[in-house]
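Novice:
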Amino acid sequence: MYKEVSQYPIRDFLTISITNASYLISLQFFSKLITFILNQMILRYTIPEIFGFSMVQVELLTSIVLFLSRDGFRVALQRYDILKKTKAKITNNKQALIYDNSENGIIQRLVNLVYIPILISIILSILVFLFYIQIANNSIKKQPIFKETIFLYVFSIIIEIFIEPLFIQIQHHFLYKIRAISEAFAVLLKCCITFLLTYWFNLSGNIRKYGALPFAFGQLGYSIALFLSYFILLSGSLQDRLCFFPRKIYSLSNKSLYFFHQPTLILAITMTVQSLFKYILAKGDQFLIIWFMTDFEQGIYALVVNYGSLIARLLFNPIEELLRNIFSKLCLKENKDKHLLARNILFIIIKIYIILGIFIVIFGPLYCSAFIRIIAGPKWSETYAPSVLKLYLFYIPIMAINGITEAFVQAVATPNDIKKQSYLKLGINGIVFINIINLSVRAIWSLIYIHKKIYDEFSPITNKAYFSSLNVIRIAHEIIKDLISSSSIYGDICNISILIDHVHINQDRNLSIFNLSYTNFSLNFEKFLDNNFQIHISKCIKGSLIS
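Here this note's numbering is used: the first residue of the sequence shown is 2, the next is one more, and so on.
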């Protein structure tokens, strides 16, 4: 009889998890290594404009469709605690076969639900790319074979989204070896197609004529190869337990047939809404780049992101994905040992990430220029790509910690908890806080500009006297110190605070006293500022003149 992974003893469960982690990391290492090598070869035969269009704009549009349509469902369908809430039987359309509440029933629920993102993805891909064709910049529309390239990407997305019924069964059964083999083969084929076409067009002198067509054919080859590999290998592994098409499920409690498991569907919708906010926060920079930067600058950005995110794609992403699945299974039941194991795994990974992040931030920026020159060649190292890569390295540790903590939250949190996180991400307070940071940065830049402008255009004496930042700090410090030590103003403030606390006791009397106290405070404070501000300004001017 088939045994679920979560039913294994803890020791065997850890062994399976470590083995699958090695598969995922090996997959990422191999695929990124192949991609990395072939990209270096492609970079020598393509131009930044075409590279930026393919790796920034089209990749962004592709990720919009796939991420928004399937990401929330992928996470929700790994929540086995939600899946097992309802007892059900599964039946075919003819009512000939009935299965008890078993592994087959759970798998059928998963497969039924993944057809929702399939439908969403098909509609969204057509709408997004039709909209993009209309609003694209003139420089983008001038790309050779522009519409044909976009059509190939749309077709590849539709093929790729039909992998979801197979993908979710691989995740459920921990068949990461099949996933590693399939994705490695698909990535290798994609890189080979892209490189060979780029090389061929470059030899014939038509690289500008065909534009991003090699990248589009490479993506199409990737989608076809991935689907066929998944289907063939998974059929051999699961055999008669492989499920691909949706079928009705019989509910024992309601005595009725249904397609979609309600608790999981609610969680999936919640996570999809959250993924929208998450996507805007994560990909907002790319939208700005598309609208406000040239094709050349987009090529620089694509190069930096490809190199800067290598460690995230090689190490962080597979670990995050595997741990999300592990946490979901460990926290499935009220088992203290498994809960303790989940906590220990989380803390150990966080500590490792912190140590690794420190090394990246300290030593990484020292070698960025040499790295770009060796890997991409002098054509790219003479741009500002090395300086952008140095800054990107500070983003990597934050990315790592956020990924592992969100993996745990998504594995155990309830839909209400996830909604709270979404409010935290995009609440009123968050908007105000972001505006504070935004305006503060702009104000700091303006102050720096004013400081330089004054030094260039005004006399040094006047500049030193009035606009030295040290003098401003000194004046503020002295005024605050005198304000605190001023007995009259301190007494007025105390009286006002007492009246505010007791104004509800005798409103008419206390309000009249409050008005009198506030008037005295205003007069004393105005007199204080006139005297002290002039005194301290004159002191600073004298000190500046002497210096």
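We put the CB at the ideal spot given by N, CA and C, even for glycine.
Going by the beta-carbon positions, is the gap between residue 376 and residue 212 smaller than 9 Å?
Specialist: Within the sequence shown, the letter at position 375 stands for residue 376. Within the sequence shown, the letter at position 211 stands for residue 212. The answer is no: Cβ separation not under 9 Å.
Novice: Can you give me the Cβ contacts of residue 401 inside the same chain, cut-off strictly under 8 Å, excluding the 5 residues immediately before and after it?
Specialist: In the sequence shown, the residue the question calls residue 401 occupies position 400. Excluding residues within five positions, the ones whose Cβ falls inside 8 Å are 313, 317, 354, 357, 358.
Novice: For residue 194, does the count of other Cβ atoms within 10 angstroms reach 16, so buried, or fall short, so exposed?
Specialist: Taking the first residue of the sequence shown as 1, we reach residue 194 at position 193. Buried: at least 16 other Cβ atoms inside 10 Å.
Novice: Whole-angstrom Cβ separation of residue 72 and residue 310, contact assumed at under 8 Å?
Specialist: Sequence index remark: in the sequence shown, residue 72 carries index 71 (1-based). Sequence index remark: in the sequence shown, residue 310 carries index 309 (1-based). Actually they do not touch by this definition, with Cβ atoms about 17 Å apart.
Novice: Determine the closest residue to residue 154 out of 232, 79, 66, 266, with distance taken between C-alpha atoms.
Specialist: By one-based count along the sequence shown, residue 154 stands at place 153. That would be 66, whose Cα lies nearest to the Cα of residue 154.
Novice: Looking only at C-alpha atoms, which of 187, 199, 238, 250 sits nearest to residue 222?
Specialist: On the sequence shown, position 221 is the one that residue 222 refers to. Of the listed residues, the one whose Cα sits closest to residue 222 is 187.
Novice: Could you say if the stretch 243-251 and the stretch 161-171 meet the contact criterion of at least three C-beta pairs nearer than 8 Å?
Specialist: yes
Novice: Does the beta-carbon distance from residue 265 to residue 43 come in below 9 Å?
Specialist: Indexing the sequence shown from 1 puts residue 265 at position 264. Indexing the sequence shown from 1 puts residue 43 at position 42. Result no, Cβ atoms of residue 265 and residue 43 do not sit closer than 9 Å.
Novice: Could you give the residue range of the alpha helix (DSSP H) that holds residue 47?
Specialist: The sequence position of residue 47 within the sequence shown is 46, counting from 1. Here residue 47 belongs to no alpha helix (DSSP H), and DSSP marks it neither H nor E.
Novice: Check residue 1 in the structure and name its three-state DSSP category.
Specialist: Nothing can be reported for residue 1: it is not among the residues displayed for the chain, which extend from 2 to 548.
Novice: Taking the alpha carbon of residue 365 as the reference point, which residue from 237, 31, 398, 379 has its own alpha carbon closest?
Specialist: Residue mapping note: residue 365 aligns to position 364 of the sequence shown, counting from 1. Looking at the Cα atoms, 398 is the closest of the given residues.
Novice: Compare the C-alpha of residue 371 against each of 324, 233, 383 and name the closest.
Specialist: What you label residue 371 is simply residue 370 of the sequence shown in a count that begins at 1. When each option's Cα is compared against that of residue 371, the closest is 383.
Novice: In terms of residues, what are the limits of the alpha helix (DSSP H) holding residue 582?
Specialist: What the structure shows of the chain is the stretch from 2 to 548, and residue 582 is not part of that stretch, so it cannot be assessed.
Novice: Go ahead and pull the three-state DSSP assignment for residue 199.
Specialist: Within the sequence shown, numbered from 1, the residue matching residue 199 stands at position 198. Looking at residue 199 - three-state DSSP - the assignment turns out to be helix.
Novice: Who are the Cβ neighbours of residue 180 in its own chain at under 6 Å, not counting the five residues just before and after it?
Specialist: Position 179 of the sequence shown, counted from the start, is the residue given in the question as residue 180. So the qualifying residues of the chain are 171.
Novice: Ignore the nearest five residues each way along the sequence and tell me which others in residue 162's own chain have a CB closer than 6 Å to its CB.
Specialist: What you label residue 162 is simply residue 161 of the sequence shown in a count that begins at 1. Around residue 162: 119, 122.
Novice: Taking the alpha-carbon positions, what's the residue 329 to residue 319 distance?
Specialist: Sequence index remark: in the sequence shown, residue 329 carries index 328 (1-based). Sequence index remark: in the sequence shown, residue 319 carries index 318 (1-based). Approximately 16 Å between the Cα atoms of the pair.
Novice: Expressed to the nearest angstrom, what Euclidean distance is found between the alpha-carbon atoms of residue 431 and residue 279?
Specialist: Against the sequence shown, residue 431 aligns to sequence position 430. Against the sequence shown, residue 279 aligns to sequence position 278. Below a pLDDT of 50, predicted positions are generally treated as unreliable, and residue 431, at 48, falls in that range; the measurement from the model is reported next regardless. Residue 431 and residue 279: Cα-Cα distance of roughly 14 Å.
Novice: Within this structure, are the beta carbons of residue 129 and residue 62 separated by less than 9 Å?
Specialist: Along the sequence shown, one-based indexing puts residue 129 at 128. Along the sequence shown, one-based indexing puts residue 62 at 61. For residue 129 and residue 62, yes; Cβs fall inside 9 Å.
Novice: Could you spell out the range, first to last residue, of the alpha helix (DSSP H) harbouring residue 222?
Specialist: Working through the sequence shown from its first residue, we reach residue 222 at position 221. From DSSP, the alpha helix (DSSP H) with residue 222 extends over 214-239.
Novice: Exposed or buried, what is residue 34 when buried is set at 16 or more other beta-carbons lying within 10 Å of its beta-carbon?
Specialist: By 1-based counting over the sequence shown, the position of residue 34 is 33. Exposed, by the Cβ-count rule.
Novice: If I follow the unbroken alpha helix (DSSP H) through residue 358, where does it start and stop?
Specialist: Residue 358 sits at position 357 when you count from the first residue of the sequence shown. Run containing residue 358: 337-364, per the alpha helix (DSSP H) assignment.
Novice: Using a 10 Å radius around the Cβ and a threshold of 16 neighbouring Cβ atoms, would you call residue 191 buried or exposed?
Specialist: Here the question's residue 191 lines up with position 190 in the sequence shown. Under this definition residue 191 is a buried residue.
Novice: Count the other CB atoms, across all protein chains shown, that sit within 10 Å of the CB of residue 138; report buried if there are 16 or more and exposed otherwise.
Specialist: Along the sequence shown, one-based indexing puts residue 138 at 137. So residue 138 counts as exposed.
Novice: Could you tell me the alpha carbon to alpha carbon distance between residue 41 and residue 378, rounded to whole angstroms?
Specialist: Numbered from 1 along the sequence shown, position 40 holds the residue referred to as residue 41. Numbered from 1 along the sequence shown, position 377 holds the residue referred to as residue 378. Taking the straight line from one Cα to the other gives about 9 Å.
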